[in-house]
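First residue of the sequence shown: -6, per this note's numbering; consecutive thereafter. Structure record follows, encoded as structure tokens.
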Amino acid sequence: MPERGCMSATTKKYLFAFGGLIILAGVLFFANKNRTNVPVSVSVTATVHVSPTPTLTPARTPKNIPIVDSPLKDNIIAAGEYLVRQQLPNGELSYQVDFLTSERAYSPVHVRLMGGTGALYTVCRVSKDLKYCSAGDLALNHYLQLLVSDSKKFKGTCFYAEGTCQLGGAALMVDAIYKRWQASGDFFLEDQNLLNSAVDMGYFILSLRKPEGGFYHAYDPHIGGAVDPDYFVSYFPGQSLLALVELYEMTGNDFWLKQAHEVNAYMVTLGVTEDHWHSYALSKLAQAQPLSKTDISYAKKIADTIIAGEVRSLNPKNTSTSTATKIEALSALAQTFYLSKEKHKWLDSEIRTFITFVQARQLPNNNCGWDISAKVIQNFGGGVFSSCEEPSIRVDGLQNWINGVTAYLEYKSMIK
């Protein structure tokens, strides 16, 4: 990371203390207010906004699980190399490309691009090569321009893209900042304190909670400001739950853990899906404190649902992107069960099966029998293509693959 200007030790201490008091005051103020959920077609007035006063030292030091060298680690690094090679000078990541024709998609989904940014920091942590952190910083600095704050209309800070502030955008920005902290232990990007930004986005996430539980998934900050009650993305709640747990890890403030438990308590009352983001959140909650029997039971149902559909999932027509999410979910759940002193080794062979499926589609591997030139490998090697019917490489497929294999290697390190 680049060095910042010199400052006396005394000045650093005063600034850190002052910044910490402001963050603490903001969180306490928000915690003690009665929650005002976002009303449909009514503007959301902010009750708190954390000052961007810098804190010169991270609130906590990340506790990372070591990852040993292995061929799977090489797969992670190759995927990161693809992301870096395709990155534009302004930081923009490649959203989707057909590697046989080199045709690119020019209408990106920025929420998915934020996920790709977080994945770059994961590659940095796994490889211990700051090149990937630098690429992540270039991307993050670019996407930070999409943050919007307006204390007269809504709480905190939102991620504005594709004409709306989506719940998942704020959640994945928090996740990217968390992954950067994991890789570097640092919250500064140039003169911006990313911890303050993450906390502000946490407030926005909480402001979209519904009175009966769950979330609104999109908010329009224009004119009067209103939520879209019909907009729904199945994985946004899991992403938001994970972001709340990550805020707890970064700040050490129990307020965020309490909010996460409230959200999780509602989510486990819903129908079971193959929710890899919820699975991640459960593994993080298990690291923070023991899970309830209800949580463990729900986690087992997620795993059983994924495994029950394994035969259909491994059909060659299915996409690598969806299969990689199963690696993410089962690896995170294996961690959850290990931490909870539950049986976990039964998941290993299932995870390996899905890994083999996706691994066969990471260039230069090619299970479709295509005639791929050396130039294609040079340009697109490390990318994971979708299927034999769709030779496209998309950023969220890389993200799912990187995060899933990393979670699996972490699990293998935990049980040694």
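All C-beta atoms, glycine included, are put in the ideal place defined by N, C-alpha and C.
Nearest by alpha-carbon distance to residue i: which of the options is it?
{"i": "residue 357", "options": "366, 350 and 284", "result": "366"}
{"i": "residue 341", "options": "64, 319 and 386", "result": "319"}
{"i": "residue 136", "options": "120, 163 and 229", "result": "163"}
{"i": "residue 385", "options": "393, 88, 82 and 69", "result": "88"}
{"i": "residue 287", "options": "150, 307, 259 and 306", "result": "259"}
{"i": "residue 331", "options": "278, 317 and 346", "result": "278"}
{"i": "residue 301", "options": "343, 338 and 355", "result": "343"}
{"i": "residue 309", "options": "360, 290, 280 and 237", "result": "360"}
{"i": "residue 304", "options": "78, 355, 346 and 74", "result": "346"}
{"i": "residue 354", "options": "394, 161, 216 and 402", "result": "394"}
{"i": "residue 220", "options": "185, 158 and 84", "result": "158"}
{"i": "residue 152", "options": "336, 212 and 291", "result": "212"}
{"i": "residue 119", "options": "58, 208 and 102", "result": "58"}
{"i": "residue 53", "options": "321, 111, 180 and 200", "result": "180"}
{"i": "residue 191", "options": "223, 242 and 156", "result": "242"}
Work out the CA separation of residue j and residue i for me, nearest whole Å.
{"i": "residue 407", "j": "residue 214", "result": "44 Å"}
{"i": "residue 16", "j": "residue 189", "result": "Per-residue confidence for residue 16 stands at a pLDDT of 43, beneath the threshold of 50, marking its modelled position as unreliable; the derived number appears in the next sentence. One C-alpha to the other measures close to 8 Å."}
{"i": "residue 244", "j": "residue 371", "result": "42 Å"}
{"i": "residue 266", "j": "residue 298", "result": "7 Å"}
{"i": "residue 202", "j": "residue 369", "result": "46 Å"}
{"i": "residue 60", "j": "residue 328", "result": "14 Å"}
{"i": "residue 350", "j": "residue 146", "result": "47 Å"}
{"i": "residue 82", "j": "residue 131", "result": "8 Å"}
{"i": "residue 333", "j": "residue 294", "result": "16 Å"}
{"i": "residue 392", "j": "residue 98", "result": "17 Å"}
{"i": "residue 128", "j": "residue 171", "result": "16 Å"}
{"i": "residue 416", "j": "residue 363", "result": "In the structure as shown, the chain starts at -6 and stops at 409, and residue 416 therefore has no counterpart that could be examined."}
{"i": "residue 382", "j": "residue 71", "result": "23 Å"}
{"i": "residue 100", "j": "residue 248", "result": "38 Å"}
{"i": "residue 154", "j": "residue 225", "result": "16 Å"}
{"i": "residue 348", "j": "residue 400", "result": "12 Å"}
{"i": "residue 257", "j": "residue 65", "result": "32 Å"}
{"i": "residue 339", "j": "residue 352", "result": "21 Å"}
{"i": "residue 206", "j": "residue 133", "result": "31 Å"}
{"i": "residue 173", "j": "residue 62", "result": "21 Å"}
{"i": "residue 139", "j": "residue 262", "result": "34 Å"}
{"i": "residue -1", "j": "residue 125", "result": "In this predicted model, residue -1 has a pLDDT of only 38, less than 50, meaning its place in the structure is not dependable enough to derive any value."}
{"i": "residue 281", "j": "residue 79", "result": "37 Å"}
{"i": "residue 270", "j": "residue 316", "result": "14 Å"}
{"i": "residue 284", "j": "residue 337", "result": "15 Å"}
{"i": "residue 246", "j": "residue 95", "result": "47 Å"}
{"i": "residue 312", "j": "residue 91", "result": "14 Å"}
{"i": "residue 322", "j": "residue 84", "result": "29 Å"}
{"i": "residue 184", "j": "residue 335", "result": "45 Å"}
{"i": "residue 143", "j": "residue 216", "result": "12 Å"}
{"i": "residue 122", "j": "residue 253", "result": "32 Å"}
{"i": "residue 102", "j": "residue 375", "result": "22 Å"}
{"i": "residue 208", "j": "residue 291", "result": "20 Å"}
Ends of the beta strand (DSSP E) at residue i?
{"i": "residue 386", "result": "383 to 387"}
{"i": "residue 159", "result": "157 to 159"}
{"i": "residue 89", "result": "89 to 91"}
{"i": "residue 151", "result": "150 to 154"}
{"i": "residue 141", "result": "140 to 142"}
{"i": "residue 99", "result": "From DSSP, residue 99 is part of no beta strand (DSSP E); its letter is neither H nor E."}
Can you name the start and end residues of the alpha helix (DSSP H) that residue i belongs to?
{"i": "residue 117", "result": "103 to 120"}
{"i": "residue 76", "result": "64 to 79"}
{"i": "residue 192", "result": "187 to 200"}
{"i": "residue 280", "result": "269 to 281"}
{"i": "residue 338", "result": "Element bounds for residue 338: n/a, residue is neither H nor E."}
{"i": "residue 126", "result": "123 to 136"}
{"i": "residue 305", "result": "303 to 306"}
{"i": "residue 231", "result": "229 to 244"}
{"i": "residue 331", "result": "313 to 332"}
Write down the C-beta distance between residue i and residue j rounded to the nearest angstrom, noting that I regard them as a contact closer than 8 Å.
{"i": "residue 240", "j": "residue 167", "result": "6 Å"}
{"i": "residue 109", "j": "residue 388", "result": "4 Å"}
{"i": "residue 93", "j": "residue 86", "result": "Incorrect: roughly 21 Å between the Cβ atoms, too far for contact."}
{"i": "residue 324", "j": "residue 404", "result": "6 Å"}
{"i": "residue 273", "j": "residue 175", "result": "Between residue 175 and residue 273 the Cβ distance is about 13 Å, and since that is not below 8 Å, they are no contact."}
{"i": "residue 218", "j": "residue 268", "result": "No, residue 218 and residue 268 are not in contact; Cβ-Cβ is about 29 Å, not under 8 Å."}
{"i": "residue 229", "j": "residue 210", "result": "5 Å"}
{"i": "residue 73", "j": "residue 116", "result": "3 Å"}
{"i": "residue 195", "j": "residue 237", "result": "7 Å"}
{"i": "residue 429", "j": "residue 314", "result": "Limits of the chain in this structure are -6 at one end and 409 at the other, which puts residue 429 out of reach."}
{"i": "residue 165", "j": "residue 111", "result": "7 Å"}
{"i": "residue 275", "j": "residue 296", "result": "With 8 Å as the limit, residue 275 and residue 296 do not qualify as a contact, their Cβ atoms being about 11 Å apart."}
{"i": "residue 200", "j": "residue 149", "result": "7 Å"}
To which residues does DSSP link residue i through a beta bridge?
{"i": "residue 182", "result": "185"}
{"i": "residue 252", "result": "Beta-bridge pairing links residue 252 to no other residue."}
{"i": "residue 219", "result": "213"}
{"i": "residue 377", "result": "355"}
{"i": "residue 208", "result": "202"}
Check whether the Cβ of residue i lies closer than 9 Å to any Cβ atom in chain B.
{"i": "residue 339", "result": "Note that chain B does not occur in the displayed structure, where there is just one protein chain."}
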